[in-house]
Structures are given as structure tokens and as C-alpha cells.
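Asks:
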Amino acid sequence: MRTRTSALSRRRLLGLGAAAAAGVALSACGGPAPQKKGGGDASLRLLTPIFDRADGQKLLTSLLADFKKDHPGVSVQVDYTEYGKLNEKLATSIVGGRPYDVMLMGVGWIPPFVDNGVLADLGTSRSELDRTYNPRVVQPGIYNGKTYARPILLDTRMGIYRKDILAEAGIDAPPKDLTELREMGKELTVRKGGKLTRAGVDILSNDLRQTYLPLMWAHGGDLFADGKPVFDSDEAVAALQWMVDIIRTDKTEDYGFTQKGAVVAPLVQGRAAMMVGHNDMWRQLSESAPELIAEDRVAGFMLNQQRPALFQGGTLATLSAKTEYPEQAKALVEFLSGEEVSPKAAEQRGNIPAVLSAADSDYVRSNKLVSFAVDNLDHAFSEGGVPTWLEIREEFKPALEGALLGKSSPADALRELAGKAEAIIAKGA
8 MRTRTSALSR RRLLGLGAAA AAGVALSACG GPAPQKKGGG DASLRLLTPI FDRADGQKLL
68 TSLLADFKKD HPGVSVQVDY TEYGKLNEKL ATSIVGGRPY DVMLMGVGWI PPFVDNGVLA
128 DLGTSRSELD RTYNPRVVQP GIYNGKTYAR PILLDTRMGI YRKDILAEAG IDAPPKDLTE
188 LREMGKELTV RKGGKLTRAG VDILSNDLRQ TYLPLMWAHG GDLFADGKPV FDSDEAVAAL
248 QWMVDIIRTD KTEDYGFTQK GAVVAPLVQG RAAMMVGHND MWRQLSESAP ELIAEDRVAG
308 FMLNQQRPAL FQGGTLATLS AKTEYPEQAK ALVEFLSGEE VSPKAAEQRG NIPAVLSAAD
368 SDYVRSNKLV SFAVDNLDHA FSEGGVPTWL EIREEFKPAL EGALLGKSSP ADALRELAGK
428 AEAIIAKGA
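Residue numbers for the sequence shown follow the working numbering, so the first one is 8 and each next one is one higher.
#1: Just to check my reading of the structure: L323 and I117 have Cβ atoms closer than 8 Å, yes? What is that Cβ distance to the nearest angstrom?
#2: How would you write the range of the beta strand (DSSP E) that Q319 sits in, first residue to last?
#3: Given a threshold of 16 other Cβ atoms within 10 Å of its Cβ, counted over all protein chains shown, does M191 qualify as buried or as exposed?
#4: Going by DSSP, what residue range makes up the alpha helix (DSSP H) through Q276?
#5: What residue does the alpha helix (DSSP H) around V381 start on, and which one ends it?
#6: Using DSSP with H/G/I as helix, E/B as strand and the rest coil, what is Y370?
#7: I'd like to know if S134 contacts chain C, where contact means its C-beta is closer than 9 Å to some C-beta of that chain.
#8: Just checking my contact of V251 with A410 at CB under 8 Å: how many whole Å lie between their CB atoms?
#9: Strictly by DSSP, which residues pair up with D86?
#10: Rounded to whole angstroms, what's the CA-CA distance from A428 to D137? Just pull it up for me.
#11: Here's the rule I'm using: 16 or more other beta-carbon atoms within 10 Å means buried, otherwise exposed. How should Y219 be labelled?
#12: Smallest Cα separation from L215: which of T395, L299, L412?
#13: Going by other Cβ atoms of all chains shown within 10 Å of its Cβ, with 16 needed for buried, is Q84 buried or exposed?
#14: Please report the residue range of the beta strand (DSSP E) in which M209 lies.
#15: Of all the options S295, S293, S364, R304, which has the alpha carbon lying nearest to the alpha carbon of A280?
#16: Rank G91, P221, E187 by C-alpha distance to the C-alpha of L384 and give the top, closest one.
#17: DSSP three-state call for L230: helix, strand or coil?
#18: Kindly indicate which three-state DSSP category V145 falls into: helix, strand or coil?
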């Protein structure tokens with residue numbers, strides 16, 4: 008691959024939407040980490056967004072003690088953060104010339120970081136990875152035919168429904184497709200004196216982009232084709248029109264009825280019959296309404312129209328191309344994504360272990376939303392695909408909101424969004 012040197016800015020690399028910081032020169036093609044030091048002693052820096060809570064920190068401390076048994080000369084300094092602050096942490100370390108040796112990051116993030124020379128090729132074959140993980144969870148870590156990341160855990164977005172609320176309406180099965188979902192939603196909506204008291208379908212509790220994308224994939228749409236945005240296609244427009252119809256035509260949910268980040272979602276409270284939501288909903292249930300689990304009142308269903316679709320996010324382990332300890336840092340990447348850590352990391356987050364060996368574990372089978380996701384990973388789709396994705400994705404929410412609020416038609420909103428994406432891609436070329 009031809010190597011070029013370019014200025015690395017926070018906005019270009021991470022799409023933070025903030026003023027660009029001073030850049031540093033980096034190769035634009037990810038490659039092997041520099042072989043400055045071999046085996047033996049090493050002091051590694053790890054950045055992680057998935058062990059940030061107190062229980063997670065305790066767990067990671069224990070896990071790293073196990074790692075140290077096989078690597079007694081290696082110490083690991085951990086920097087805990089939240090996913091909402093991960094971009095800024097990464098940008099600051101890279102622009103400041105002190106990147107972490109091992110970085111945990113999200114699905115869709117690999118092309119931008121590889122394009123700016125931040126990540127090292129792990130040198131792992133696809134066949135080896137496919138023996139350890141579901142092929143769908145391997146793909147987000149591969150770019151230009153090389154492996155730059157290994158998966159640790161997954162998180163998905165799916166249809167979720169209250170069995171008891173449907174049963175009260177004489178409905179004994181979840182919707183088989185989005186057309187039926189919309190019709191059921193209208194039937195299950197409750198208003199008193201014109202005020203919405205129960206949404207038939209909640210599409211607002213989850214991040215709007217992460218709600219829209221599985222609906223788009225279910226309609227047969229895609230994000231990119233040959234590196235060009237196609238999320239203004241007829242299929243993509245139909246998906247956004249479906250969301251608009253839920254809010255503005257059917258009045259199945261009112262904008263402002265719920266907000267992302269609320270402690271307890273309306274579905275848990277009985278204020279929504281169905282939703283497009285995160286598998287983390289099981290954790291909310293166990294903490295706030297365990298009787299719904301005990302009485303088997305909540306389950307997942309596939310979002311389906313032209314094809315079945317799940318949104319698949321997740322956390323990947325990556326190796327810095329600038330580490331002074333490539334051998335030890337790679338060992339840490341493999342440990343964090345391995346069969347000991349992956350299931351434990353997933354359980355403490357209420358998410359899905361990436362390793363195939365955990366598919367039938369007690370944890371997975373006891374968590375009905377996690378087990379639903381595991382059983383349907385063959386229908387999972389991931390966001391990203393171009394080096395400028397992290398900047399492009401920041402433009403989705405205002406575009407989607409504009410359509411849902413009636414400020415623009417779905418076709419116009421997505422046409423403008425695709426135009427912005429094309430400009431961002433051209434600028435980053």
C-alpha cells in the first residue's frame with residue numbers, strides 16, 4: 008500500500024465536531040508495530056471504556072493479575088473512561104504523541120484509525136479468527152484484508168416486546184415484519200384525554216442513529232457501496248418514512264415521550280408495549296422490575312421487512328502502531344479478546360460475549376435478550392465502512408430529527424445527509 012503522511016486532527020480522525028487540534032505526522036496506512044523491544048519486561052498503557060464501573064474495575068484488576076502470571080515482567084497501567092469520552096481520550100493521546108499501547112474501541116472505528124496510521128496489523132488470519140468468533144463479529148476488525156482488531160463483546164439493537172401487554176390485546180406473537188409492527192403499534196397505543204399514556208412502539212429511547220440503521224437494513228438499505236454513501240436510496244428513505252409515520256401519522260409515540268439515557272425505559276414501566284432497543288434492557292429489568300423476568304413477560308423479536316436485521320455494535324481490542332512493546336501489547340490484545348476475558352467482560356456489562364465458546368453459557372441462556380442476539384447473529388449488520396465514518400455519523404442525528412419533527416421530508420433529509428457525507432469523504436481523501 009502506498010504510504011503518505013498527513014496531519015492528524017481530532018476532527019478528521021474522530022469526527023468530534025470541535026475545533027481541530029494541532030496535528031502530528033502519521034503514516035496513513037496501518038502497519039506492523041515497530042520492533043523496538045522484544046519479549047521480557049514492559050510497561051503498557053491500556054485505555055478501556057467497558058470496565059469503568061466499580062465492579063468492572065475490580066474484575067479487570069483480577070483478570071490482569073491472571074495475565075501477569077504468564078507475563079511476570081509486564082505491568083499494565085489502566086485508564087478507565089466512558090464510551091462518551093473515549094473519542095476525546097484517544098484524540099488527546101494521539102495528538103499529544105503518547106498513544107496508548109492497547110486501545111479498546113467501537114465497531115466502525117477501525118478504518119479511521121488505520122487510515123491515519125494509528126493501529127498495527129495484528130497479523131492474525133481470518134480462518135483463525137473464524138474458529139474463535141462468529142464471522143459477523145470478526146468483520147468490523149478487518150480493513151483492507153488485514154486484521155487490526157479482535158472483538159471482546161457485542162451489543163445489539165433489536166425489537167423488544169411485553170408479552171403481557173400483547174396478550175391483553177389478544178395478540179399471541181410478536182410482529183413478523185415492520186408492516187405488522189406498525190399496525191400492532193397503533194392497536195396497542197393508549198391515550199387518555201389526548202395525552203399519550205402508553206406508546207405502542209417506542210423508537211425514541213434508543214440512540215436515533217442506532218434505531219434507524221437496523222430499520223434501514225431491514226428495508227434492504229445499506230450505508231455505503233464502493234466507498235460512496237447510499238443511505239439516500241429508496242430503501243433507506245422507506246425506513247425513515249416508517250419512523251416518521253410512527254410519530255407523525257399514527258401517533259403511536261410522541262416526540263419527547265421518552266429520552267435516551269433515562270434510568271428506566273417506558274417498556275419496563277409498562278408505558279410502551281414494544282420498542283427498538285438495546286439488549287441492555289435485560290439489566291434494567293433485573294434492577295427495576297425483576298418480576299417481569301421471573302414471569303417471562305419480556306422477549307426479543309427480529310426487525311424484518313425485506314430481510315431480517317439486528318444492529319451490532321461492540322468493543323474491539325486494538326494494538327498501537329507506535330507501541331515500544333509490540334510483542335507484549337499484542338499478547339494483552341489477545342488476552343482481552345480471549346475465552347477467559349470475553350465472557351466475563353460481557354456479563355459485567357450485560358452484553359454479548361464475542362467468543363463462540365460462550366454461546367451456550369449459563370449467563371447467555373439466562374439473559375433472554377442476549378441469547379436472542381446470539382441465536383440471530385447471522386442477521387447482524389455493523390455501521391462504519393469508510394475512514395471518515397466517525398465524522399459522518401455525527402450528522403445522522405440532526406438529519407433524522409429534522410424528518411421526525413416535520414422540518415424536512417425523509418427523502419430530503421437523507422439526500423442532504425448523503426451530500427454532507429460525500430463532502431466529508433472528499434475532504435478526507
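Glycine is no exception: its CB is placed at the ideal position from the N, C-alpha and C atoms.
Replies: Taking the coordinates as given:
#1: Start at 1 with the first residue of the sequence shown, and residue 323 comes out as number 316. Start at 1 with the first residue of the sequence shown, and residue 117 comes out as number 110. The Cβ separation is near 7 Å, so the contact holds.
#2: Position 312 of the sequence shown holds residue 319. That run of the beta strand (DSSP E) goes 315-326.
#3: The sequence position of residue 191 within the sequence shown is 184, counting from 1. Counting Cβ neighbours within 10 Å, M191 comes out buried, since at least 16 surround it.
#4: Translated into positions along the sequence shown, residue 276 becomes position 269. It spans 273-276 - the alpha helix (DSSP H) in which Q276 sits, taken as one unbroken run.
#5: Here residue 381 refers to the residue found at position 374 of the sequence shown. It spans 375-382 - the alpha helix (DSSP H) in which V381 sits, taken as one unbroken run.
#6: For the purposes of this step, residue 370 is taken as residue 363 along the sequence shown, with counting starting at 1. Three-state result, Y370: helix.
#7: Absence of chain C from the displayed structure is noted, only one protein chain being present.
#8: By one-based count along the sequence shown, residue 251 stands at place 244. By one-based count along the sequence shown, residue 410 stands at place 403. Yes, V251 and A410 are in contact; Cβ-Cβ is about 6 Å, under 8 Å.
#9: Translated into positions along the sequence shown, residue 86 becomes position 79. Answer by DSSP bridge pairing, in chain order: L54.
#10: The residue you call residue 428 lines up with position 421 of the sequence shown. The residue you call residue 137 lines up with position 130 of the sequence shown. Roughly 32 Å separates the two Cα atoms.
#11: As a first step, residue 219 is located in the sequence shown; it is residue number 212 there, counting from the start. Result: buried.
#12: Counted from its first residue, the sequence shown places residue 215 at position 208. The candidate whose alpha carbon is nearest that of L215 is L412.
#13: Here the question's residue 84 lines up with position 77 in the sequence shown. Q84 comes out exposed.
#14: For this step, residue 209 is matched to residue 202 along the sequence shown. First, the amino acid is wrong: residue 209 is Asp here, not Met. First-last of the beta strand (DSSP E) with D209: 202-209.
#15: Within the sequence shown, residue 280 is the residue found at index 273, counting from 1. Per the Cα distances, R304.
#16: Here residue 384 refers to the residue found at position 377 when the sequence shown is read from its first residue. Answer by Cα proximity: P221.
#17: For the purposes of this step, residue 230 is taken as residue 223 along the sequence shown, with counting starting at 1. Coil, per DSSP.
#18: In the sequence shown, residue 145 corresponds to position 138, counting from 1. Helix, per DSSP.
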